[in-house]
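Chains as they are written, first to last, in our numbering: chain A, 1 to 263; chain B, 1001 to 1318.
The beta carbon of each residue, even a glycine, is placed where N, CA and C say it ideally should be.
Written below as structure tokens is the structure these notes are about.
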């Protein structure tokens, strides 16, 4: 693999993304929405006194943080519980970019001139994958930082420490990029077989459902956050899935099949 | 130099290209003429290393297709049927991207991009996004892209499609300069006039090459030349038809509006005899003009015959 070629693909894709305001919005908007909902709840709790009934409802969650005052414990539970959604962003956003990238090129018939160059298919795939994954990773990290700082400022610095805990730092640095890459690979695989971005995203959505399922199950199980062990197991599973996706990707993203399907 | 030997490509049960064989020398423009679905694009894709042949072989400037495919792609420039540009990028960014894929860097890349933007007349629009370009402008960017890395062999699929006559001439002139620089060039086209003006040799294709030769020889080999003899005087042209029927070298003759249209096999040898016989019979000849068989007629005859053959084969196998 030649880094210069991969970098050429990455910069070209980045330029196209920066010139596509709709897609750029799709990268940033979901992360901001996911982050602002719990922040709004934290701010609401901060601004209002909780009566005994409300505290009783929160009691099971407050139990996760016996050292914190009830109001802060409730806020801590909320900020951590919503953080599962930070794993949904890398599962959804890069797929949209990747499918748009491949399907867009199929429609514009710009794959043929690229495949006619000495570039290897794997270099094209890796370039596209990095270009689609990077904005989602950066957006997730940026919103994560913002989330930690804003919630600490709105309520208490304890929330910042909870958000920037070791487990979540590891999850952000390892699990988020891995999920992004998996999502991109799945997006590219699906896109190589269909000629419509919406169809590709729908099929891709079905494939990332298990990831969403894990996050949502965590949310409803009353678990405040993931453990380090769960994060590391998650890393391992997603890394294995990426390996599998790479093998399948190289097989389905065949130069000849793509060209002959394009007519 | 391009040397294709018995190249065949099948997609399942469909034979897209069958037993294709030809050579294109250095400094030669070879035209492939054929109807839609004749296998022109598939042939070019095989030769450019985009798809693998099912059978047969090819050498491109000494590199064997199949084993040196990546090198073949590096020395080939291909103008695809559709321009296939990146709409959200400018013309300069499009070319810059492809230059890097072909291994050009820094100052060399910048110079190449500037040069070819200038060659195709887009220097002024270089920093505009191609999404706002006309069809002709897109085609010109695609041509620049195909030539940017100074390829040794060049494949041009409908190079002047969408261009106005002036831009088309500029492109044709430039292709001729590439030939003069020793490049091997394959042009796929439906445009018979362009093929005749541009190509040194032409292959007429329908699944396989039906005929390969210079445009001039193709016309000669595929039909008699027609000679128009203009007469004046009291005798009607039709009165000479019996005489013409007796001349052994005359293949057909008819009278029309003060002229005789006579088909002969070899105009250069036969015309003097024809004139002598007519004058001896009392004809007052004003002018004799040779009307060669058009390439279009040759093309239509060959493709039509091949089509009928195919239909008969299918009928027989059913």
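Extent of the continuous beta strand (DSSP E) to which residue i belongs
i	result
residue 1201 (chain B)	1201–1206
residue 1231 (chain B)	1225–1232
residue 1250 (chain B)	1250–1256
residue 1022 (chain B)	1014–1024
residue 1187 (chain B)	1184–1189
residue 40 (chain A)	Residue 40 (chain A) -> not in any beta strand (DSSP E); alpha helix (DSSP H) instead, spanning 21–47.
residue 1166 (chain B)	Residue 1166 (chain B) -> not in any beta strand (DSSP E); alpha helix (DSSP H) instead, spanning 1165–1180.
residue 1132 (chain B)	First-last for residue 1132 (chain B): undefined, no H or E at that position.
Within-8 Å CB hit, residue i to chain B
i	result
residue 191 (chain A)	no
residue 256 (chain A)	yes
residue 8 (chain A)	yes
residue 260 (chain A)	yes
Nearest-angstrom Cα separation, counted from residue j out to residue i
i	j	result
residue 1125 (chain B)	residue 20 (chain A)	21 Å
residue 82 (chain A)	residue 39 (chain A)	10 Å
residue 1109 (chain B)	residue 1147 (chain B)	12 Å
residue 263 (chain A)	residue 248 (chain A)	With a pLDDT of 42 at residue 263 (chain A), under the threshold of 50, the predicted position of this residue should be treated as unreliable, and no value is reported.
residue 62 (chain A)	residue 233 (chain A)	27 Å
residue 109 (chain A)	residue 134 (chain A)	25 Å
residue 114 (chain A)	residue 239 (chain A)	29 Å
residue 1100 (chain B)	residue 203 (chain A)	34 Å
residue 1253 (chain B)	residue 1241 (chain B)	7 Å
residue 1019 (chain B)	residue 1052 (chain B)	14 Å
residue 1091 (chain B)	residue 1128 (chain B)	6 Å
residue 245 (chain A)	residue 185 (chain A)	6 Å
residue 971 (chain B)	residue 1166 (chain B)	Outside the shown range of chain B (1001 to 1318) lies residue 971 (chain B), about which nothing can therefore be said.
residue 1061 (chain B)	residue 1025 (chain B)	9 Å
residue 1000 (chain B)	residue 1132 (chain B)	Outside the displayed range of chain B (1001 to 1318) lies residue 1000 (chain B), so it cannot be described from this structure.
residue 165 (chain A)	residue 140 (chain A)	16 Å
residue 1187 (chain B)	residue 1257 (chain B)	41 Å
residue 1116 (chain B)	residue 1144 (chain B)	5 Å
Residue j beta carbon less than 8 Å from that of residue i
i	j	result
residue 1325 (chain B)	residue 1275 (chain B)	The shown model of chain B, from 1001 to 1318, leaves out residue 1325 (chain B), and the question about it has no answer.
residue 1130 (chain B)	residue 1138 (chain B)	yes
residue 126 (chain A)	residue 17 (chain A)	no
residue 329 (chain A)	residue 102 (chain A)	Absent from the structure is residue 329 (chain A), since the part of chain A shown begins at 1 and ends at 263.
residue 105 (chain A)	residue 1 (chain A)	no
residue 1286 (chain B)	residue 1206 (chain B)	no
residue 170 (chain A)	residue 95 (chain A)	no
residue 1042 (chain B)	residue 1081 (chain B)	no
residue 129 (chain A)	residue 90 (chain A)	no
residue 107 (chain A)	residue 181 (chain A)	no
residue 1259 (chain B)	residue 1216 (chain B)	no
residue 1189 (chain B)	residue 1211 (chain B)	no
residue 86 (chain A)	residue 144 (chain A)	yes
residue 1102 (chain B)	residue 12 (chain A)	no
residue 1177 (chain B)	residue 1168 (chain B)	no
residue 1232 (chain B)	residue 1002 (chain B)	no
Chain A contact for residue i (CB, 8 Å cutoff)
i	result
residue 1133 (chain B)	no
residue 1168 (chain B)	no
residue 1097 (chain B)	yes
residue 1070 (chain B)	yes
residue 1086 (chain B)	yes
residue 1147 (chain B)	no
residue 1201 (chain B)	no
residue 1052 (chain B)	yes
residue 1078 (chain B)	yes
residue 1116 (chain B)	no
residue 1089 (chain B)	yes
residue 1178 (chain B)	no
residue 1093 (chain B)	yes
residue 1174 (chain B)	no
residue 1047 (chain B)	no
residue 1100 (chain B)	yes
residue 1011 (chain B)	yes
Terminal residues of the alpha helix (DSSP H) in which residue i lies
i	result
residue 1069 (chain B)	1069–1075
residue 1276 (chain B)	1267–1280
residue 1032 (chain B)	First-last for residue 1032 (chain B): 1028–1033, but that is the beta strand (DSSP E), not the alpha helix (DSSP H).
residue 1114 (chain B)	1106–1119
residue 1157 (chain B)	First-last for residue 1157 (chain B): 1153–1157, but that is the beta strand (DSSP E), not the alpha helix (DSSP H).
residue 191 (chain A)	176–193
Residue-level contact to chain D via CB, residue i, 8 Å cutoff
i	result
residue 4 (chain A)	Chain labels in this structure do not include chain D; the protein chains are A and B.
Contact test: residue i Cβ vs the ligand GDP heavy atom, cutoff 7 Å
i	result
residue 1167 (chain B)	With respect to the ligand GDP, the structure offers nothing, as it holds no ligand at all.
- Query: Mind listing which residues of the region 10–25 of chain A have their C-beta closer than 9 Å to chain B's C-betas, in chain order?
  - Reply: 11, 12, 15, 16, 17, 18, 19 and 20
- Message: Give me the subset of the region 107–125 of chain A whose CB atoms are less than 8 Å from a CB atom of chain B, sorted by chain position.
- Response: Within the region 107–125 of chain A, the residues whose Cβ lies closer than 8 Å to some Cβ of chain B are 108, 109, 110, 111, 112, 113, 114, 115, 116, 117, 118, 119 and 120, listed in chain order.
- Message: Taking beta-carbon pairs under 8 Å, can you tell me which members of the region 73–100 of chain A lie near chain B?
- Response: none
- Return the residues of the region 148–164 of chain A that lie within a Cβ-Cβ distance of less than 7 Å from chain B, sorted by chain order. none
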